[in-house]
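Have a look at the structure below, then the notes.
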Amino acid sequence: MILRRLKIKGYRNLKPHSLEMAEGLHLLFGENGAGKTNFLESINILMGWGPFRSKGIGDIPCWNKEKEKAFVWGAFEGEESLEAAVGIFKRTVFKIGGKLSNASEIRMRVPSLSFLPGDMALVEGGPSRRRSFIDRLCAVLFPLYASTIYDYRKILKQKRAALEKRSNISLVNRAMAERAIWIWSCRIAALDLLKIGLAKTGELLPGQVELFLSRGGTLGLEDLREDFWESIKKFKDKEETYRMSIVGPHRDEIKIKSSGRGASEFFSRGHRRRTALALMLAAGWAVERKVRKKPILLLDEVMAELDMEGREILVKMVESTKWQTFVTTAEDFTPFWPGQVWNVEDGKISPMK
Ligand SMILES: Nc1ncnc2c1ncn2[C@@H]1O[C@H](COP(=O)(O)OP(=O)(O)O)[C@@H](O)[C@H]1O
Ligand SMILES: [Mg+2]
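Shown next as structure tokens:
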């Protein structure tokens, strides 16, 4: 899919805009604080995802225009043509083709993936970083994934409260089981697709890279249902003593290895960055293969973390995928950019000659 036209109004520091966009690569170039990340985020929200900053939706409407909604509208083309709009004020209201819709529908119809500077620590960062990565991918691949994760988290909260009060947890375990098993099966399927994708990123990878899902607190039995229940049985006392939910996808670990050793210790910093990028590209291929649409890619300040060679390979690879890709940068590599360059200055986005 591609975003052909975009209108923005009242979105953080961005001036009102009406833009025409080409397919291919887009570079947003400007000083810190100009509005590059805001621009990427506005597209991300339009495509059904959350804000990039932890403050949430409430912070999005422009501070100077109190009580006014932020508004983003886009016309998408490609495998399907559609118009989507989102109004943001305390909550988000989506429309597709003028009719009330929701975030999950737009995420399915316009598959997209975003990567933020923090994702560059995908390899060596904590397990929650990798879970967040796989969750974003699964949310594009499997229509019910995001809502199942949401339900699962609610149940997890109930379980923690029950453990705290020392009340019976058998009912809450039963509610947890179905979701846990389904989440695991989705993550496994996503990892299988990622592995296929990784094979295409050879040039970026420092060597053979292997991916595994180590299921949270389980015995690792082959059958997912059996694994859940046997592990719950085995760790019952421990869960109750420590008042901690040990078994379940909330404690999954996605292991990245090379020749049997952990990539985080084995690779140099530069190689870890490249592996992170290879995983991002692999996620794009996973989407294309499963959803049969070209994803739209948003890359916020990821180039800064790469050496020159890494950048060149990344740009060449993204160019060859034909995915419409938006990349932000404060560093000037506009002379080498094989696509559209936009100048971002004080909330104003204009095509650079
Ligand atoms: N709701 C808002 N209203 C007005 N300005 C905002 C709002 N939220 C953030 N900003 C401002 O947007 C500016 C640009 O942010 P950002 O997009 O992160 O810049 P860049 O990515 O180009 O460095 C920041 O200076 C910030 O103060
Ligand atoms: Mg930024």
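Residues in the sequence shown are numbered consecutively from 6, following the working numbering. Note that the Cβ used here is the ideal one computed from N, Cα and C, for glycine as well.
Open item on the list: Once DSSP output is grouped into helix, strand and coil, what is the label at residue 44?
Closed with: Position 39 of the sequence shown, counted from the start, is the residue given in the question as residue 44. Residue 44 carries a helical assignment under DSSP once its states are collapsed to helix, strand and coil.
TODO: Note down, in chain order, each residue of its chain lying with its Cβ closer than 6 Å to the Cβ of residue 113, except the 5 sequence neighbours on either side.
DONE: In the sequence shown, the residue the question calls residue 113 occupies position 108. Excluding its 5 nearest sequence neighbours in each direction, residue 113 has C-beta neighbours in its own chain below 6 Å: 148, listed in chain order.
Task: Whether residue 354 touches residue 329 by CB criterion (7 Å) - done: Position 349 of the sequence shown, counted from the start, is the residue given in the question as residue 354. Position 324 of the sequence shown, counted from the start, is the residue given in the question as residue 329. In this structure, residue 354 keeps its C-beta atom at 7 Å or more from the C-beta atom of residue 329.
Task: residue 136 Cβ short of 6 Å to ligand 1 heavy atom set - done: Working through the sequence shown from its first residue, we reach residue 136 at position 131. For ligand 1, not one heavy atom lies less than 6 Å from the Cβ of residue 136.
Task: Coarse secondary structure for residue 127, derived from DSSP in three states - done: Numbered from 1 along the sequence shown, position 122 holds the residue referred to as residue 127. Three-state result, residue 127: coil.
Task: Range of the contiguous alpha helix (DSSP H) that encloses residue 203 - done: As a first step, residue 203 must be located in the sequence shown, where it is residue number 198. First-last of the alpha helix (DSSP H) with residue 203: 175 to 203.
Task: Reduced DSSP category for residue 163 - H, G, I as helix; E, B as strand; rest coil - done: For this step, residue 163 is matched to residue 158 along the sequence shown. Collapsing the DSSP output to three states places residue 163 in a helix.
TODO: Return the Cβ separation of residue 17 and residue 43 in integer angstroms, given the expectation that the two are a contact with Cβ distance under 8 Å.
DONE: Against the sequence shown, residue 17 aligns to sequence position 12. Against the sequence shown, residue 43 aligns to sequence position 38. A Cβ-Cβ separation of about 4 Å places residue 17 in contact with residue 43 under the 8 Å criterion.
Task: residue 360: CB within 6 Å of a non-hydrogen atom of ligand 2 - done: With the chain running from 6 to 358 in the structure shown, residue 360 is simply not present.
Open item on the list: My output table needs one value for residue 88: the three-state DSSP class, helix, strand or coil.
Closed with: What you label residue 88 is simply residue 83 of the sequence shown in a count that begins at 1. Three-state DSSP puts residue 88 in a strand.
TODO: With DSSP as the reference, please indicate the residues paired to residue 327 in a beta bridge.
DONE: Within the sequence shown, residue 327 is the residue found at index 322, counting from 1. For residue 327, which the question treats as bridged, DSSP gives no partner whatsoever.
Task: Minimum length 3: unbroken beta strand (DSSP E) runs contained in the segment 291 to 328 - done: When DSSP assignments are scanned along the segment 291 to 328, the uninterrupted stretches of beta strand (DSSP E) that are 3 or more residues long and fall wholly within it turn out to be 301 to 305.
- [ ] Work out the CA separation of residue 351 and residue 191 for me, nearest whole Å.
- [x] Counting from 1 along the sequence shown, the entry for residue 191 is found at position 186. Counting from 1 along the sequence shown, the entry for residue 351 is found at position 346. Approximately 42 Å, taken between the alpha carbons.
- [ ] Tell me where the alpha helix (DSSP H) around residue 136 begins and ends.
- [x] Taking the first residue of the sequence shown as 1, we reach residue 136 at position 131. DSSP places residue 136 in the uninterrupted alpha helix (DSSP H) bounded by 132 to 146.
Open item on the list: Check this for me: beta carbons of residue 251 and residue 244, under 7 Å apart or not?
Closed with: Position 246 of the sequence shown, counting from 1, holds the residue named residue 251. Position 239 of the sequence shown, counting from 1, holds the residue named residue 244. Yes, the Cβ-Cβ distance between residue 251 and residue 244 is below 7 Å.
TODO: Grab me the residues of residue 285's own chain with a C-beta within less than 6 Å of its C-beta, minus the 5 sequence neighbours each way, in chain order.
DONE: As a first step, residue 285 must be located in the sequence shown, where it is residue number 280. Sequence-distant Cβ neighbours of residue 285 in its own chain, meaning closer than 6 Å and more than five residues away, are 120.
Open item on the list: Once the 5 residues before and after residue 128 are set aside, which same chain residues still bring their CB inside 6 Å of it?
Closed with: If you number the sequence shown from 1, residue 128 lands on position 123. Setting aside the 5 residues that flank it on each side, residue 128 is surrounded in the same chain by 261, 268, 269, 277, 280, 281, each with a C-beta closer than 6 Å to its C-beta; the list follows chain order.
- [ ] Measure the Cβ-Cβ separation of residue 52 and residue 117 and say whether it is below 7 Å.
- [x] Against the sequence shown, residue 52 aligns to sequence position 47. Against the sequence shown, residue 117 aligns to sequence position 112. In this structure, residue 117 lies closer than 7 Å to residue 52 by Cβ.
Open item on the list: Within a Cβ cutoff of 7 Å, which residues of the same chain sit near residue 174, ignoring the five residues on either side of it in sequence?
Closed with: In the sequence shown, the residue the question calls residue 174 occupies position 169. Beyond the five residues adjoining it in sequence on each side, residue 174 comes within less than 7 Å, by CB distance, of 164, 167, 168 in the same chain, given in chain order.
Task: Residue range of the beta strand (DSSP E) that includes residue 360 - done: Nothing about residue 360 can be reported from this structure: the residues present for the chain run from 6 to 358 only.
- [ ] Could you have a look at residue 354 and say whether DSSP puts it in helix, strand or coil?
- [x] Residue numbering aside, residue 354 sits at position 349 when the sequence shown is read from its first letter. In the structure shown, residue 354 falls within a strand segment according to DSSP collapsed to helix, strand and coil.
TODO: Indicate the three-state DSSP secondary structure (helix, strand or coil) for residue 335 in the structure shown.
DONE: The residue labelled residue 335 in the question sits at position 330 within the sequence shown. In the structure shown, residue 335 sits in coil (DSSP, three-state: anything other than H, G, I, E or B).
Task: Own chain partners of residue 336 with C-beta closer than 8 Å, once the 5 adjacent residues on each side are dropped - done: The residue given as residue 336 occupies position 331 in the sequence shown. The residues are 308, 309.
- [ ] Check whether the Cβ atoms of residue 235 and residue 226 sit closer than 7 Å, and answer yes or no.
- [x] Your numbering for residue 235 matches position 230 in the sequence shown. Your numbering for residue 226 matches position 221 in the sequence shown. It is a contact, given that the beta carbons lie within the stated cut-off.
Open item on the list: Taking 7 Å as the limit between beta carbons, can you name the residues of its chain near residue 92, skipping five residues before and five after?
Closed with: For the purposes of this step, residue 92 is taken as residue 87 along the sequence shown, with counting starting at 1. 74, 76, 98, listed in sequence order.
Open item on the list: Buried or exposed for residue 69, going by 16 or more other Cβ atoms inside 10 Å?
Closed with: Position 64 of the sequence shown, counted from the start, is the residue given in the question as residue 69. Residue burial is scored here from C-beta neighbours: residue 69 has fewer than 16 other C-beta atoms within 10 angstroms and is therefore classed as exposed.
Open item on the list: Please tell me whether residue 9 and residue 90 are closer than 7 Å, where the distance is taken between their beta carbons.
Closed with: Translated into the one-based positions of the sequence shown, residue 9 becomes position 4. Translated into the one-based positions of the sequence shown, residue 90 becomes position 85. Their beta carbons are not under 7 Å apart, which means residue 9 does not touch residue 90 by this criterion.
- [ ] Grab me the residues of residue 65's own chain with a C-beta within less than 7 Å of its C-beta, minus the 5 sequence neighbours each way, in chain order.
- [x] Along the sequence shown, one-based indexing puts residue 65 at 60. Hits under 7 Å: 16, 17, 56, 75, 93.
TODO: Since I believe residue 349 is in contact with residue 34 (beta carbons under 8 Å), could you give me their beta-carbon distance rounded to a whole number of angstroms?
DONE: By 1-based counting over the sequence shown, the position of residue 34 is 29. By 1-based counting over the sequence shown, the position of residue 349 is 344. The pair is a contact, with the Cβ atoms about 7 Å apart (cut-off 8 Å).
Open item on the list: In whole angstroms, give me the CA-to-CA distance for residue 326 and residue 177.
Closed with: In the sequence shown, residue 326 corresponds to position 321, counting from 1. In the sequence shown, residue 177 corresponds to position 172, counting from 1. Note on geometry: alpha-carbon atoms of residue 326 and residue 177 lie some 45 Å from one another.
TODO: Report yes or no: do the segment 314 to 322 and the segment 202 to 217 share at least 3 C-beta pairs separated by less than 8 Å?
DONE: Enough Cβ pairs lie closer than 8 Å, so yes.
Task: Candidates 154, 171, 200, 196: closest to residue 180 by CA position - done: Within the sequence shown, numbered from 1, the residue matching residue 180 stands at position 175. Of the candidates 154, 171, 200, 196, the one whose C-alpha sits nearest the C-alpha of residue 180 is 154.
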